[in-house]
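There are 4 protein chains.
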Amino acid sequence: MTNYGKCFTEWREAAGQEWHDYTRHEFVEGIRLGTLPQPAFMNYLVQDYMFLINFCRAWAFAVVKAGTLEEMQACSRTVDTLLQTELGALHTEVCAKAGLTPEALAEVEEAVPNVAYTRYVLDSGLSGDFLDLLAALAPCVLGYGEIGLRLAKESAPDNPYAEWIATYAGEAYQASCVEVGQLLDSAVARRLGDHPEATPRWTELSKRFTMATRLEVGFWGLGRE
Amino acid sequence: MTNYGKCFTEWREAAGQEWHDYTRHEFVEGIRLGTLPQPAFMNYLVQDYMFLINFCRAWAFAVVKAGTLEEMQACSRTVDTLLQTELGALHTEVCAKAGLTPEALAEVEEAVPNVAYTRYVLDSGLSGDFLDLLAALAPCVLGYGEIGLRLAKESAPDNPYAEWIATYAGEAYQASCVEVGQLLDSAVARRLGDHPEATPRWTELSKRFTMATRLEVGFWGLGRE
Amino acid sequence: MTNYGKCFTEWREAAGQEWHDYTRHEFVEGIRLGTLPQPAFMNYLVQDYMFLINFCRAWAFAVVKAGTLEEMQACSRTVDTLLQTELGALHTEVCAKAGLTPEALAEVEEAVPNVAYTRYVLDSGLSGDFLDLLAALAPCVLGYGEIGLRLAKESAPDNPYAEWIATYAGEAYQASCVEVGQLLDSAVARRLGDHPEATPRWTELSKRFTMATRLEVGFWGLGRE
Amino acid sequence: MTNYGKCFTEWREAAGQEWHDYTRHEFVEGIRLGTLPQPAFMNYLVQDYMFLINFCRAWAFAVVKAGTLEEMQACSRTVDTLLQTELGALHTEVCAKAGLTPEALAEVEEAVPNVAYTRYVLDSGLSGDFLDLLAALAPCVLGYGEIGLRLAKESAPDNPYAEWIATYAGEAYQASCVEVGQLLDSAVARRLGDHPEATPRWTELSKRFTMATRLEVGFWGLGRE
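Shown next as structure tokens:
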């Protein structure tokens with residue numbers, strides 16, 4: 001079982017069906033079984049490039065909204081990881097193999113569910129505080145961690161998407177998930193105290209987590225031929 | 001022919017097919033002919049309520065980003081109109097007739113194309129300047145004006161959506177469109193000079209206008225049974 | 001005794017010496033006694049014009065960050081009041097009498113304490129949530145209300161600053177203070193519940209209120225010959 | 001002569017007296033001659049710690065507002081440098097030597113000119129676009145580079161502030177100045193074209209650069225006993 005902290009555990013529980021729809025989406029199952037058609041995967045990957053650009057902007061916004069030096073540093077590390085590892089290695093390499101240049105990637109038209117998700121996260125930072133932004137960022141980061149771990153166990157060694165699975169099941173990504181989980185817990189404690197569940201904010205944050213989860217489901221829908 | 005200024009005329013032209021898809025959408029034609037089923041209209045109206053809340057937030061953001069007292073005042077007037085006229089009269093009344101309370105409206109789940117559109121507009125303000133925000137706000141305001149005028153001419157007097165058409169074809173709404181068109185032209189001139197087309201900014205603004213237009217098309221799609 | 005709600009009462013108490021330094025500043029006493037030299041008053045008024053522009057932007061930002069239609073409407077009313085009454089009537093008239101055109105006002109160089117105060121308020125909205133922004137906005141709005149009431153009682157009828165005093169002691173301004181106080185209380189309850197004092201957020205908000213109060217003291221310092 | 005690009009050269013020229021007041025401030029001359037009293041330097045350093053926190057937030061905001069992956073990466077590198085080198089090494093070490101813990105630093109009350117400067121920069125990002133933010137960020141980054149180079153040439157080897165001078169005259173800092181200068185030029189060209197001086201935006205950006213320079217002068221004033 002993943003151990004990404006207390007907030008995640010409770011908000012994940014509250015997200016119920018939406019969390020299931022996200023982490024057990026047919027796209028995810030297609031990756032697990034290796035049956036997802038390659039063109040569908042490429043459609044996803046191309047949209048994911050634009051997604052990561054805006055997701056990275058949202059983590060940078062978290063640096064702007066952090067309340068301590070430690071919070072700034074934690075968020076800044078995520079910005080780096082996204083700019084270097086994910087946007088750098090994974091995407092550019094995989095896309096290059098498929099004949100997609102960075103220039104071509106930058107020209108891709110963002111699909112509506114992509115716009116919806118990333119701009120919702122950014123608006124969580126504009127309209128709310130650090131916690132609102134984190135609650136909207138969490139489902140993607142931690143959901144991929146959970147999916148990665150499960151698929152690493154449940155997929156065959158010759159799975160055509162083994163590299164993708166290994167990225168999210170890997171130590172580096174899992175370590176960053178644990179760190180984000182801790183950031184979430186400490187940020188909530190620092191602002192709402194030891195019994196955050198007693199405040200209306202807790203419910204709002206949980207709802208925001210669910211909403212972002214719902215938007216993740218829409219995003220998987222882009223992985224179609 | 002509508003006369004909403006020079007920027008609008010050129011950006012509308014550049015939006016080409018997207019502008020056509022937006023202003024001649026089957027939903028719009030259904031209203032014009034009076035053939036749109038009432039439940040489809042209600043689905044639209046309910047989403048439009050949430051839309052207007054966020055659209056109003058975006059106009060308030062324009063007050064934050066304005067460069068002169070006049071720009072602040074112009075944007076603030078739009079915030080007022082939205083909070084009072086559209087969110088107040090039109091929606092609350094029409095929805096009340098259909099048995100929808102304001103409380104019920106506030107609980108409605110935002111559809112993905114709705115989230116995409118409004119948060120894209122708000123992010124235009126977060127990522128860009130006053131012009132970026134205006135370019136993203138313009139297609140909705142001015143497109144409804146154009147649609148209103150056309151439908152007022154082309155629809156039958158006993159059209160079941162006559163009230164909706166009259167709102168957007170009416171003097172008050174048309175006057176605000178003219179004002180927004182002038183605001184656009186003067187704001188662009190104030191920042192980019194007398195030959196804004198010579199700057200890369202112009203192309204970016206035009207693209208943003210087109211993107212917002214494309215998101216409008218997605219929004220009409222919510223008006224289904 | 002002013003009755004601007006519970007949050008104000010407690011945060012004002014916590015601001016202690018800073019609140020005293022602000023509301024009993026020698027500039028305020030100079031107005032009360034009518035001994036403040038006219039040029040000092042004009043220096044203040046000219047800076048106050050720039051202040052109100054940015055203060056108005058901050059209230060518009062509160063519309064962007066509000067959580068309910070009622071909160072949006074309350075903040076939007078304040079934007080209107082500032083744009084019309086204060087920036088419109090009071091300043092333009094008083095400044096016009098003194099030979100200052102709106103154009104001249106717009107060219108005035110903002111003093112450092114003016115920049116510090118207004119941008120601190122705006123950054124409270126950027127870095128925090130609706131409550132952070134309100135906590136930074138409150139000392140100015142409500143402090144002027146408290147000062148107005150006291151000076152109306154304690155100043156002579158022929159005080160040369162009678163008009164200024166009457167503005168802030170007047171029914172319209174006092175009503176808006178009561179409304180802002182209620183907005184504060186309801187916004188806090190809506191987010192932090194019935195025992196907001198139990199959360200770390202409460203202390204942070206109180207500190208922010210004190211910081212804004214301290215910046216008000218610096219602003220009065222601009223009212224010198 | 002420093003070579004930080006074309007925009008810097010022209011905006012620096014336009015800042016005229018303010019630029020001189022900033023880079024030849026008596027605090028700077030006190031460092032150059034080694035006559036600045038140690039307590040004055042510590043007062044500066046303690047405020048500079050808070051300054052760098054907010055300056056770092058502003059660079060993170062630039063990541064949010066960037067228009068290309070390269071712009072994001074350039075701004076993100078500056079965030080890292082600030083979080084690690086300046087906030088990490090320089091300050092923590094120097095402050096530790098002087099008996100100031102990070103906890104003590106975090107509790108220091110921000111002086112008004114410090115608030116004014118950093119929040120003005122952040123508001124440049126909130127109210128404007130990427131260029132506005134860069135124009136407000138540039139005087140600090142590049143001015144320190146210019147000062148560092150001059151003082152390295154004009155100060156004695158046994159200067160008590162040799163370490164401070166070496167930091168800003170050093171290769172690493174100078175390289176980051178050159179990069180920021182290039183970022184400025186390319187960002188302006190990308191948005192305003194090859195003749196940015198022909199647009200009103202250019203004048204506004206130059207004014208913003210001057211305003212930030214003026215606020216730097218106020219900041220040096222904190223370096224007093």
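Same order as they appear, the protein sequences are chains A, B, C and D. So for the first sequence, the UniProt record's numbering puts the first residue at 1; every next one is plus one. So for the second sequence, the UniProt record's numbering puts the first residue at 1; every next one is plus one. So for the third sequence, the UniProt record's numbering puts the first residue at 1; every next one is plus one. So for the fourth sequence, the UniProt record's numbering puts the first residue at 1; every next one is plus one. Yeah, the Cβ is synthetic: ideal placement off N, Cα and C, and Gly gets one too. Bear in mind that the values here come from a model prediction, so they are computed numbers and not experimental data.
Check your understanding: With 16 as the cutoff for other CB atoms within 10 Å, does P139 of chain B come out buried or exposed?
Key -> buried
Practice item. Mind checking the segment 127-139 of chain B against chain C and listing, in chain order, the residues whose C-beta falls within less than 9 Å of any C-beta there? Key: none
Practice item. Please classify G30 of chain B: does DSSP put it in a helix, a strand, or coil? Key: helix
Check your understanding: Does the beta-carbon of N3 of chain A have 16 or more other beta-carbons within 10 angstroms, so that it is buried, or is it exposed?
Key -> exposed
Point to revise | Contact set between the segment 201-216 of chain A and chain C, restricted to residues whose Cβ is under 9 Å from the partner | key: R201, E204
Review point. When burial is assigned at 16 or more other CB atoms within 10 Å of the CB, is T101 of chain B buried or exposed?
Key: exposed
Practice item. Would you kindly work out how many angstroms separate the C-alpha atoms of V180 of chain C and E197 of chain C, rounded to a whole number? Key: 20 Å
Practice item. Please report the residue range of the alpha helix (DSSP H) in which D132 of chain B lies. Key: 130-154
Review point. Under three-state DSSP, which class holds L36 of chain A?
Key: coil
**Study point:** Where the segment 98-119 of chain D meets chain C: residues whose CB sits under 7 Å from a CB there
**Key:** V112, P113, V115, A116, R119
Point to revise | 9 Å Cβ cut-off: residues of chain D touching L122 of chain C | key: R119, L122, D123, L126, S127
Practice item. Find the residues of chain D that neighbour G218 of chain C, judging by a C-beta separation of less than 7 Å, and give them in chain order. Key: V112
Check your understanding: Can you find at least 3 beta carbon pairs, one from the segment 26-34 of chain B and one from the segment 196-214 of chain B, that sit closer than 8 Å?
Key -> no
Practice item. Tell me, please, whether the segment 46-56 of chain B touches the segment 118-131 of chain B by the rule of three or more beta-carbon pairs shorter than 8 Å. Key: yes
Practice item. Measure the C-alpha to C-alpha separation of R77 of chain C and S76 of chain B and round it to an integer number of angstroms. Key: 10 Å
**Study point:** Nearest to V112 of chain D (by Cα), restricted to the options D:V217, D:G5, D:K6
**Key:** D:V217
Point to revise | Extent of the continuous alpha helix (DSSP H) run through L184 of chain B | key: 171-192
**Study point:** For P160 of chain D, three-class secondary structure by DSSP
**Key:** coil
Review point. By a C-beta neighbour count over all protein chains shown, 10 Å radius and 16 as the cutoff for buried, is A106 of chain B buried or exposed?
Key: exposed
Review point. When the Cα atoms are used, what is the spatial distance from Q84 of chain B to T92 of chain B?
Key: 10 Å
Review point. So the alpha helix (DSSP H) N114 of chain B belongs to, where does it begin and stop?
Key: 112-127
Review point. Does the distance from the CB of residue 268 of chain B to the CB of K65 of chain B come in under 7 Å?
Key: Residue 268 of chain B is absent from the model: chain B starts at 1 and stops at 225.
Review point. First and last residue of the alpha helix (DSSP H) that includes E13 of chain A?
Key: 6-23
Check your understanding: Using the beta-carbon count (16 or more within 10 Å), is G99 of chain D buried or exposed?
Key -> exposed
Point to revise | Any C-beta of chain B under 7 Å from that of T35 of chain D | key: no
Exercise for review: Pick out whichever of D:A136, D:L134, D:G128 has its Cα sitting closest to the Cα of L133 of chain B.
Suggested key: D:G128
Review point. How many angstroms separate the CA atom of H195 of chain C from the CA atom of L192 of chain A?
Key: 11 Å
Review point. Which residues mark the beginning and the end of the alpha helix (DSSP H) in which residue 237 of chain D is found?
Key: There is simply no residue 237 of chain D to check, as chain D begins at 1 and stops at 225 in what is shown.
Point to revise | Distance between A189 of chain D and K207 of chain D (C-alpha atoms, nearest Å) | key: 18 Å
Practice item. Please report how far the alpha carbon of P160 of chain D lies from the alpha carbon of A152 of chain C, in whole angstroms. Key: 58 Å
**Study point:** For V217 of chain A, three-class secondary structure by DSSP
**Key:** helix
Check your understanding: Going by beta carbon distance, what residues of the same chain come within less than 6 Å of E110 of chain C, once the five residues before and after it are set aside?
Key -> M50
Point to revise | Sequence-distant residues of its chain with Cβ nearer than 7 Å to G67 of chain D (five each side left out) | key: F130, R190
Practice item. Kindly indicate the opening and closing residues of the alpha helix (DSSP H) around L105 of chain A. Key: 102-107
**Study point:** Sequence-distant residues of its chain with Cβ nearer than 6 Å to W220 of chain B (five each side left out)
**Key:** H25, F27
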